[in-house]
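Below: the structure, in structure tokens.
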Amino acid sequence: MKPPSLRARFAFTVTLLLSLAFALLGTALYVSSALFLNQTARNSLRVASNQIQASLDIEAGTMKLPDNLSEGSTAEDHPEGFTERILSVQGAVLRSSGVLAHRLPSPLPYHGPRFNEAGGLLVYTDQIRDSGVLLGYLQVAQDLTPTQETLAHLLTVILLTLPFLLPLAAASGYFLAAQLLRPIDLVTRTAQRFSSQNLTARLGLQTSDDELGRLARTFDDMLERVEQAFRTQRQFTADASHELKTPLAILRTIHSVTCQRPRTAEEYRQALNDMTPVLDRLSSLITQLVTLARLDELTEQGPEVTVADLTAVCLTAAEATRPQAEAQKLDWEVFVEPGLSIRAEPSQLLTVVLNLLHNALKFTTAGRITLQAKRQSAPGNEKTVELSVSDTGCGIPYEDQPHVFERFFRSPSASGVEGSGLGLAIVQSLVKRWGGSVAVESREGEGSTFRLRFPLVTPEYRSDRLPSGSRHAKP
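The opening residue of the sequence shown carries number 3 in our numbering; numbering runs sequentially from there.
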């Protein structure tokens, strides 16, 4: 059996709650009306008792009864159904008025002023005293029949009205369910339309800042991120394909030319030698692509970071690239403070520093390259480490600086320099994964400085050993 929809369950719940609310409202109306009528009758009897006692003529301990309380007479000053009676100390009836006086109960034994119901009457009994001397009892009563009829009529109206309110409650429940669940229906339809071929579907709800409004905006933000991820993936695939085409085309050309006719051993050897740098470039490109793919996967799974000796890594990278700097006749400066540790994977940290140094070597034909690592104090007195690589190369045009960390980005001004455009993207991905930041400062024709900042790891948190596979990170 198919379970009821959320809208049906919501409408049923609202109908049930509204029905209970109507029932409680009817009950409250009936009870409050009964209490009000009863209290009104009690107040009237109490006032009438006080008025009658004030009208009595009492002299020297003797009570003279007024004529309008003679036996069997009707009190004209009181409403229909009103009865009053005066009794002696022994309980004998002295005077009474009202046709229902015979239904009044005896006031004895007397336990103070009180109300009680008897024979369909509400009776109030009080003493008549003069200077503390008991002279008799006064009883006033009100027929409860009109009150009971009023309450019975009210109950009938309530019971007859409730069945007509149930359809109204059901309609209200269904309407509320439709209105409240409309954004969810829209989310469902939008999710069904959203696909790799249709990435522009959005809710676009201009709702208030309530739970459903925030849900709609969060869903739109998620779709925006998914669309951006698809675009990035497509761009990445297109750029990777483009970068792979060039070396593959060169290899195909060398192979085609070599195989057009028989060659000597020396010619074949030369063809293979011509393929070597192309294969090296292709291998480097594939390695960088695999590195980026692994970084994306690690970012989704969460970082697994150890503690790396930044000082040792910087010195190792500097020694590895010094021969190339000397071959280019560049000034090679290294300023690294001792005892610098950060949270990073040592072998990947070495890759970051080498990428920055190789990048500086590629774009610097004369002048100086400086590698520096030092402690700094961030806002809030937090200790950080700044790693910087500066060069006096060609610099980066201002309009290209926001894009230098994008994958496959290559500035038009660097068209004559070999590279895949992935090195700085790898640097940024790794640095962000370790909780750091990376920035570039550059002036065209004067050089560039890349600054990396990391939280400093204090000595008590330093690891005593590096993980396996990172021996090359030691000095």
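The beta-carbon is built from N, C-alpha and C at its ideal position, and this holds for glycine as well.
All values derive from a computational prediction rather than experimental measurement.
So, for residue i: in the same chain, excluding its five sequence neighbours on each side, which residues have a beta-carbon less than 6 Å away from its beta-carbon?
i: residue 137; result: 65 and 130
i: residue 273; result: 256 and 260
i: residue 283; result: 249
i: residue 171; result: 17, 20 and 21
i: residue 395; result: 365, 366 and 449
i: residue 351; result: 310 and 315
i: residue 323; result: 359
i: residue 233; result: none
i: residue 59; result: 66
i: residue 252; result: 280
i: residue 45; result: none
i: residue 75; result: A caution first: residue 75 carries a pLDDT of 39, below 50, which makes its placement in the model unreliable, though a value can still be read off. Taken in chain order, the residues that qualify are 99.
i: residue 369; result: 394
Suppose you measure from the CA of residue i to the CA of residue j; what does that come to, to the nearest Å?
i: residue 347; j: residue 291; result: 19 Å
i: residue 78; j: residue 67; result: With a pLDDT of 47 at residue 78, under the threshold of 50, the modelled position of that residue is not reliable, and the figure given next carries that caveat. Taking the straight line joining both Cα atoms gives about 17 Å.
i: residue 239; j: residue 437; result: 28 Å
i: residue 392; j: residue 447; result: 13 Å
i: residue 478; j: residue 317; result: Since the displayed the chain opens at 3 and closes at 477, residue 478 lies outside it and no answer follows.
i: residue 100; j: residue 135; result: 28 Å
i: residue 231; j: residue 26; result: 55 Å
i: residue 18; j: residue 28; result: 15 Å
i: residue 280; j: residue 270; result: 16 Å
i: residue 97; j: residue 91; result: 13 Å
i: residue 219; j: residue 228; result: 14 Å
i: residue 342; j: residue 385; result: 11 Å
i: residue 460; j: residue 313; result: 14 Å
i: residue 293; j: residue 12; result: 51 Å
i: residue 83; j: residue 165; result: 36 Å
i: residue 5; j: residue 236; result: 42 Å
i: residue 41; j: residue 24; result: 25 Å
i: residue 401; j: residue 407; result: 13 Å
i: residue 444; j: residue 399; result: 8 Å
i: residue 319; j: residue 224; result: 41 Å
i: residue 202; j: residue 410; result: 26 Å
i: residue 330; j: residue 363; result: 8 Å
i: residue 109; j: residue 115; result: 10 Å
i: residue 262; j: residue 247; result: 22 Å
i: residue 217; j: residue 276; result: 59 Å
i: residue 162; j: residue 169; result: 13 Å
i: residue 425; j: residue 334; result: 21 Å
i: residue 89; j: residue 151; result: 31 Å
i: residue 345; j: residue 372; result: 23 Å
i: residue 353; j: residue 441; result: 17 Å
Below 8 Å on the Cβ atoms is my guess for residue i versus residue j; work out the distance and round it to an integer in Å.
i: residue 112; j: residue 51; result: That pair is no contact at about 14 Å.
i: residue 143; j: residue 102; result: 7 Å
i: residue 387; j: residue 456; result: 5 Å
i: residue 366; j: residue 332; result: 6 Å
i: residue 183; j: residue 8; result: 7 Å
i: residue 423; j: residue 412; result: 5 Å
Note down, in chain order, each residue of its chain lying with its Cβ closer than 7 Å to the Cβ of residue i, except the 5 sequence neighbours on either side.
i: residue 104; result: none
i: residue 16; result: 174, 175, 178 and 179
i: residue 55; result: 130 and 140
i: residue 149; result: 39 and 43
Can you list, in chain order, the residues of its chain with a C-beta nearer than 8 Å to that of residue i? Leave out the 5 residues immediately preceding and following it.
i: residue 32; result: 153, 156, 157 and 160
i: residue 146; result: 43, 119, 122, 123 and 124
i: residue 378; result: 385, 386, 387, 388 and 455
i: residue 278; result: none
i: residue 339; result: 313, 375, 376 and 377
i: residue 265; result: 273
For a test of your reading of the model: does the CB of residue i fall under 8 Å from any non-hydrogen atom of the ligand ATP? Yes or no.
i: residue 16; result: Within the structure as shown, the ligand ATP is missing, as the structure has no ligands at all.
Contiguous beta strand (DSSP E) assignments of at least 3 residues, all confined to the segment 127-157 | 135-145
Between the segment 424-436 and the segment 351-366, are three or more C-beta pairs nearer than 8 Å?
-> yes
Could you say if the segment 33-41 and the segment 180-192 meet the contact criterion of at least three C-beta pairs nearer than 8 Å?
-> no
Which residue spans inside the segment 365-444 form an unbroken beta strand (DSSP E) run of at least 3?
-> 370-380 and 384-393
Which full runs of the alpha helix (DSSP H) of 4+ residues lie inside the segment 279-341, going along the chain?
-> 312-329
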